[in-house]
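So this is what it looks like as structure tokens:
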């Protein structure tokens, strides 16, 4: 029955201090009703053969594995040491040919224990397999890598609290749509769950490359086929904003395509600062969560009840209020504003002037080439453009000096019609610095957006929250990757100093704490003792 035992990984005689055991009925633990097979394993357990005998060795592994007391009471070292025991045990069970044997780790435990340790066993198994197979933790396309990340690092409890708004599940959670992207780009929509443990179990089962958050519906999305189609509709959803570096490709000089660096992050930083101020001061929103997209953008989630209740027309009106940059690729001048400027635009202009100097002129040197300074001259009056062109042609002049020349030429400009010299300067600065929104993301109640803390499949970086006050210093290239986090976790396990939450032992910790602090700031949100207990046992 165990004929290929010698091909399985070797297990040390020392089982990492697992010295407290509880005998269990073999038939109950394995769910076996095959007496010959059960007798064979029992005989191996009692065999006087030395532990070096492969079959005897693996039978002992089974015994150590299935007789362990509650995992909650075992030390981190013990759990890690026993991970390979679990992996070997399952392989042994596979070798024990049986049509009725269902190899599922969750089924090997009492129902109460399975509830307490949802997904932990799979995580240990995957972690052990990854170490044996020398899996590259940086390979986010590897299912073992993503499953280990979800099982040990993803903050499911905090995601639940954020979307639900309280400790006890309500329609904010149970009627919420989640969508999963699976292998081969299979997109699974209209998923909904009863609680965070339910979501966690399904995530570990499906192991999606990412998942997205949608609106709250009149009914549970998973039950949509059982209700009248006309009655199933979205009713609430956070107001969301999306700023992507795609919109700045025409004016950034440091990177191209999908790349991003600290220098071009300045475009995202100034946009977020302006939008954050407008959303708070002009609309009175308070609960804004800014989340790095994982590659080259940023998302804003506004969770105020008033924001969540907005219909499509109201969302569209807010976007129109915030939009200044308009026009496609064939239109040179994209800023056409009425004068005097609206107070919100005056405020934005004052916020953006320092960024124009630091980001556009210095960091980007945005007018360095003939093509780039010609693009600048196409959005100013011809008189100004002609004077500057005569000064710049054939000369190697920095963007800062070109801007000084342009200001000088504007100062000599004779006002024609309603456009003043001041208007010209304001329009240029706003065109190069004002936020460029992906408007369609914000306009529709039923739009789905990537969840915080998922892993970007292209970069391996985690989508982490950012405080607006820290956004200028944020470096997208310093955001932890899933590979970095798993290596940190492995090192913490080896030292025996992993925290009660695994993420506490990694560079993900400050971001999860920031997320939790944001959630705890919601008015009237009082974490219960049950929440604290659940948080302390999250894996």
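In UniProt numbering, the protein residues as written are 1 to 539. Glycine included, C-beta positions come from ideal geometry on N, C-alpha and C.
Those residues which DSSP pairs with residue i across a bridge
{"i": "residue 297", "result": "244"}
{"i": "residue 179", "result": "212"}
{"i": "residue 462", "result": "455"}
{"i": "residue 265", "result": "Answer is none; residue 265 lacks a bridge partner."}
{"i": "residue 495", "result": "None; residue 495 has no bridge partner."}
{"i": "residue 292", "result": "298"}
{"i": "residue 337", "result": "According to DSSP, residue 337 bridges with nothing at all."}
{"i": "residue 481", "result": "461"}
{"i": "residue 449", "result": "213"}
{"i": "residue 236", "result": "216"}
{"i": "residue 191", "result": "178"}
{"i": "residue 437", "result": "243"}
Assigned exposure category for residue i - 16 Cβ within 10 Å defines buried
{"i": "residue 493", "result": "buried"}
{"i": "residue 346", "result": "exposed"}
{"i": "residue 147", "result": "buried"}
{"i": "residue 315", "result": "buried"}
{"i": "residue 523", "result": "exposed"}
{"i": "residue 394", "result": "exposed"}
{"i": "residue 278", "result": "buried"}
{"i": "residue 520", "result": "exposed"}
{"i": "residue 502", "result": "buried"}
{"i": "residue 102", "result": "Only weak support exists for where residue 102 lies, its pLDDT of 35 falling under 50; the value from the coordinates is given anyway. Residue 102 should be labelled exposed."}
{"i": "residue 303", "result": "buried"}
{"i": "residue 515", "result": "buried"}
{"i": "residue 398", "result": "exposed"}
{"i": "residue 338", "result": "exposed"}
{"i": "residue 313", "result": "exposed"}
{"i": "residue 437", "result": "buried"}
{"i": "residue 266", "result": "buried"}
{"i": "residue 309", "result": "exposed"}
{"i": "residue 496", "result": "exposed"}
{"i": "residue 185", "result": "exposed"}
{"i": "residue 152", "result": "buried"}
{"i": "residue 427", "result": "buried"}
{"i": "residue 459", "result": "buried"}
{"i": "residue 187", "result": "exposed"}
{"i": "residue 201", "result": "buried"}
{"i": "residue 161", "result": "buried"}
Beta carbon of residue i nearer than 8 angstroms to that of residue j
{"i": "residue 169", "j": "residue 142", "result": "no"}
{"i": "residue 215", "j": "residue 182", "result": "no"}
{"i": "residue 217", "j": "residue 232", "result": "yes"}
{"i": "residue 206", "j": "residue 465", "result": "no"}
{"i": "residue 512", "j": "residue 140", "result": "no"}
{"i": "residue 433", "j": "residue 241", "result": "no"}
{"i": "residue 356", "j": "residue 154", "result": "no"}
{"i": "residue 276", "j": "residue 468", "result": "yes"}
{"i": "residue 178", "j": "residue 211", "result": "yes"}
{"i": "residue 137", "j": "residue 483", "result": "yes"}
{"i": "residue 158", "j": "residue 273", "result": "no"}
{"i": "residue 507", "j": "residue 489", "result": "no"}
{"i": "residue 144", "j": "residue 175", "result": "no"}
{"i": "residue 238", "j": "residue 307", "result": "yes"}
Residue i versus the options, residue with shortest Cα-Cα distance
{"i": "residue 485", "options": "475, 469, 449, 462", "result": "462"}
{"i": "residue 368", "options": "253, 407, 283", "result": "253"}
{"i": "residue 298", "options": "483, 337, 475", "result": "475"}
{"i": "residue 246", "options": "235, 239, 259", "result": "259"}
{"i": "residue 387", "options": "409, 402, 238, 520", "result": "409"}
{"i": "residue 213", "options": "285, 441, 407", "result": "441"}
{"i": "residue 400", "options": "362, 460, 392", "result": "362"}
{"i": "residue 435", "options": "405, 268, 282, 426", "result": "268"}
{"i": "residue 287", "options": "251, 318, 137, 165", "result": "165"}
{"i": "residue 222", "options": "329, 382, 199", "result": "199"}
{"i": "residue 295", "options": "510, 491, 478, 171", "result": "478"}
{"i": "residue 360", "options": "384, 422, 244, 250", "result": "250"}
{"i": "residue 425", "options": "458, 460, 376", "result": "376"}
{"i": "residue 234", "options": "510, 171, 390, 331", "result": "171"}
{"i": "residue 330", "options": "292, 378, 348", "result": "378"}
{"i": "residue 446", "options": "193, 236, 285", "result": "236"}
{"i": "residue 411", "options": "385, 396, 430", "result": "385"}
{"i": "residue 353", "options": "291, 430, 282", "result": "430"}
{"i": "residue 256", "options": "344, 396, 414, 364", "result": "364"}
Closer than 8 angstroms to chain B by CB, residue i
{"i": "residue 514", "result": "Any reference to chain B falls outside this structure, which holds one protein chain only."}
Practice problem: Mind the definition here: the stretch 317 to 329 touches the stretch 359 to 377 only if three or more C-beta pairs lie below 8 angstroms; say whether that holds. | Solution: Taking 8 angstroms as the limit for Cβ pairs, the verdict is that the stretch 359 to 377 does not touch the stretch 317 to 329.
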